[in-house]
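Novice: Below: one structure in structure tokens.
In this note's numbering, the protein residues as written are 7 to 467.
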């Protein structure tokens with residue numbers, strides 16, 4: 007998976023361009039092969055292992071390929087139709103945000119526009135490392151020749167682009183603009199097929215945006231391919247105001263062919279590994295020496311002695327405490343101990359090619375904010391294909407609980423729910439605050455990525 011660079015979108019007199027920098031969009035090579043033919047070649051050449059679970063998914067992908075051969079996306083109404091009338095909104099920022107997300111564009115005039123009949127897209131979900139992204143890439147790199155406009159986007163980075171574009175639209179037009187309608191029309195005018203990799207919903211703002219986004223893209227005839235670790239029905243489970251997200255779940259189930267890729271293999275972990283770059287225990291003097299040696303190896307202390315760097319992100323400053331050449335060294339506390347956004351980590355991944363993270367502690371299930379920052383960082387580094395060296399107090403797979411302990415976690419959660427729903431609880435205002443379940447599964451995906459990032463080919467120039 008390639009990485010989308012976070013950059014400010016420039017406001018122009020008629021609107022905001024939501025173009026994605028070309029070098030961060032995966033290059034789609036023209037091909038006369040269908041996805042099924044491409045899959046069979048990869049298996050025959052030994053690049054892929056035969057897998058009955060993947061073969062079922064290939065049949066589904068190939069069917070969509072043939073449907074696209076005869077599909078023509080209808081013209082998308084000009085984005086200028088959605089430029090707003092300025093109107094006064096309430097002072098509460100969340101009221102403004104929700105009003106903007108949920109209302110339809112008051113200036114949408116062409117009543118003759120009818121949502122087209124489009125091929126059903128694909129929603130592929132399953133365990134980490136089972137080949138979801140590889141199958142998406144197989145589809146994307148072998149689209150039919152009549153599909154000349156397509157995009158493949160990592161979902162997390164795409165949502166950052168949406169937030170940033172919305173911010174600039176509001177700066178130019180105020181809160182009267184329906185940003186999602188506008189940006190969806192703009193995106194649909196530039197692509198017939200849109201591939202979203204690693205979809206996840208972690209907050210109410212993302213849930214509300216996602217609902218409107220899919221409704222609009224569907225209306226404009228965009229064929230969507232999604233990968234995720236979660237089934238549609240499990241997205242944003244137990245989230246705040248989840249009822250407002252339910253229509254989006256129904257839309258995903260109805261408009262996409264949903265398939266679980268339950269392969270028993272984690273293909274990321276089956277690859278050849280490098281010499282160990284995940285070191286423990288971090289307090290061992292020998293480990294400390296190894297970490298220093300890695301920094302000296304990937305940096306250039308003679309030509310570029312260790313120094314600090316300050317990065318500007320959204321008007322804030324991120325301090326990188328130790329830098330040499332394209333190598334950055336943080337302690338875990340420096341990297342994840344204080345609030346940082348995904349945008350911060352994406353900016354770091356854009357700037358450096360090698361990261362050393364030292365002194366990672368073992369975290370409890372309650373440390374969900376801290377582990378979420380770490381997961382966001384690994385996602386950014388993975389998408390940028392940067393190199394990473396870690397030192398921790400324990401083996402990397404013990405840093406945070408994994409799904410193996412989920413049954414115990416779930417039993418606690420069920421207990422909390424039973425108590426919370428009891429008559430005594432209603433009288434005493436008891437609320438069982440249980441967190442970290444989503445992070446447990448996210449960390450499992452993170453471990454799979456870390457396994458891939460220690461492969462020998464990852465460290466090749």
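For every residue, glycine included, the Cβ atom is placed at its ideal position computed from N, Cα and C.
These figures come from a predicted structure and were not determined experimentally.
How long is the line joining the alpha carbons of residue 253 and residue 217, rounded to whole angstroms?
Specialist: Cα-Cα distance, rounded: 7 Å.
Novice: Three-state secondary structure (DSSP) at residue 414?
Specialist: Residue confidence for residue 414 is low, a pLDDT of 47 falling below 50, so the modelled location carries little weight and cannot support an answer.
Novice: Could you give the residue range of the alpha helix (DSSP H) that holds residue 336?
Specialist: Not the alpha helix (DSSP H): residue 336 falls in the beta strand (DSSP E), residues 333 to 337.
Novice: Distance, Cα to Cα, residue 185 vs residue 172?
Specialist: Cα-Cα distance, rounded: 6 Å.
Novice: From residue 351 to residue 149, what distance separates their C-alpha atoms?
Specialist: If you take the alpha carbons of residue 351 and residue 149, they lie about 32 Å apart.
Novice: Just tell me which of 246, 144 and 311 has its CA closest to the CA of residue 53.
Specialist: Comparing Cα positions, the closest option is 144.
Novice: Apply the 10 Å Cβ neighbour rule to residue 177 and answer buried if 16 or more other Cβ atoms are within range, or exposed otherwise.
Specialist: So residue 177 counts as exposed.
Novice: For residue 385 and residue 163, I'd like the C-alpha separation in whole angstroms.
Specialist: Answer to the nearest angstrom: the Cα atoms are 10 Å apart.
Novice: Quick check on residue 95: does DSSP put it in helix, strand or coil?
Specialist: Summary for residue 95: the model assigns pLDDT 47, below 50, so the residue's position carries little reliability; its value from the coordinates is reported in the next sentence. Coil.
Novice: Looking at the strands, I want to know which residues DSSP matches up with residue 140.
Specialist: None, per the DSSP bridge assignment.
Novice: When DSSP labels each residue in this structure, what does residue 201 get in the three-state scheme?
Specialist: Correct three-state label for residue 201: strand.
Novice: Distance, Cα to Cα, residue 449 vs residue 236?
Specialist: Distance between the alpha carbons of residue 449 and residue 236: 14 Å.
Novice: On the CB-based measure, 16 or more other CB atoms within 10 Å of its CB, does residue 256 come out buried or exposed?
Specialist: Exposed, by the Cβ-count rule.
Novice: For the beta strand (DSSP E) holding residue 263, just list the boundary residues, first then last.
Specialist: Where residue 263 is concerned, the enclosing beta strand (DSSP E) stretches over 262 to 266.
Novice: Between the segment 349 to 367 and the segment 192 to 208, do three or more beta carbon pairs fall short of 8 Å?
Specialist: In short, these stretches do not touch, since the Cβ pair count stays below three.
Novice: Which runs of the beta strand (DSSP E) at least 3 residues long sit entirely within the segment 151 to 236? Give them in chain order.
Specialist: The qualifying runs are 156 to 160, 199 to 205 and 229 to 234.
Novice: Using a threshold of 8 Å, state whether the C-beta atoms of residue 394 and residue 387 are closer than that.
Specialist: In contact: residue 394 and residue 387 (Cβ atoms closer than 8 Å).
Novice: For the segment 280 to 298 and the segment 308 to 321, state whether three or more C-beta atom pairs, one from each stretch, are separated by less than 8 Å.
Specialist: Touching, no, given that fewer than three Cβ pairs across the two stretches are closer than 8 Å.
Novice: Using only CA atoms, which one of 194, 259, 61 and 190 lies nearest to residue 140?
Specialist: When only C-alpha atoms are compared, the closest one is 61.
Novice: Near residue 156, which residues of its chain fall below 8 Å by C-beta distance, leaving aside the five closest residues on each side in sequence?
Specialist: These residues qualify, in order along the chain: 34, 146, 149, 197, 198, 199, 200 and 201.
Novice: Is residue 264 closer than 8 Å to residue 129 when the C-beta atoms are compared?
Specialist: Yes; because the gap between Cβ atoms is below 8 Å, this pair is in contact.
Novice: Please report the distance separating the alpha-carbon of residue 383 from that of residue 302.
Specialist: For residue 383 and residue 302, the distance between alpha carbons rounds to 23 Å.
Novice: Compare the beta carbon distance of residue 342 and residue 131 with 8 Å and say whether it is the shorter of the two.
Specialist: Their beta carbons are not under 8 Å apart, which means residue 342 does not touch residue 131 by this criterion.
Novice: Which ranges does the beta strand (DSSP E) cover as unbroken runs of at least 3 residues, wholly within the segment 283 to 326, from first to last along the chain?
Specialist: DSSP runs (the beta strand (DSSP E)) wholly in the segment 283 to 326: 313 to 319.
Novice: Provide the residue span of the alpha helix (DSSP H) that contains residue 383, from first to last.
Specialist: 374 to 389 is the span of the alpha helix (DSSP H), which, as asked, contains residue 383.
Novice: Taking 8 Å as the cut-off, does the segment 243 to 251 touch the segment 283 to 293 (at least 3 CB pairs, one atom from each stretch)?
Specialist: The answer is no - the segment 243 to 251 does not touch the segment 283 to 293, with fewer than three Cβ pairs under 8 Å.
Novice: Output needed for residue 207: all residues of its chain with C-beta closer than 8 Å, excluding positions within five of it in sequence on either side, in chain order.
Specialist: Contacts found: 213, 216, 241, 242, 245 and 251.
Novice: For residue 464, tell me which candidate among 234, 166 and 359 has the shortest Cα-Cα distance.
Specialist: Nearest of 234, 166 and 359 to residue 464, Cα basis: 359.
Novice: Suppose the cutoff is 7 Å on Cβ atoms and the five residues either side in sequence are ignored; what does the same chain contact list for residue 168 look like?
Specialist: Here the set comprises 189 and 215.
Novice: Going by Cα to Cα distance, which pick from 50, 57 and 283 is closest to residue 456?
Specialist: Closest option to residue 456, Cα to Cα, is 283.
Novice: For the candidate residues 361, 247 and 380, whose alpha-carbon lies nearest to that of residue 367?
Specialist: Answer by Cα proximity: 380.
Novice: By Cβ distance, which residues of its chain are closer than 6 Å to residue 326, with the 5 residues on each side in sequence left out?
Specialist: Excluding positions up to five away in sequence, the list reads 315 and 334.
Novice: Closest by CA to residue 211, which one among 247, 42 and 45?
Specialist: It is 247.
Novice: Is the beta carbon of residue 331 sitting closer than 8 Å to the one on residue 306?
Specialist: Yes. Within cutoff.
Novice: If I follow the unbroken alpha helix (DSSP H) through residue 71, where does it start and stop?
Specialist: Looking at the DSSP string, the run of the alpha helix (DSSP H) that includes residue 71 is 58 to 74.
Novice: Would you tell me roughly how many angstroms separate the C-alpha atoms of residue 397 and residue 124, rounded to the nearest one?
Specialist: Each residue's Cα considered, the two are about 50 Å apart.
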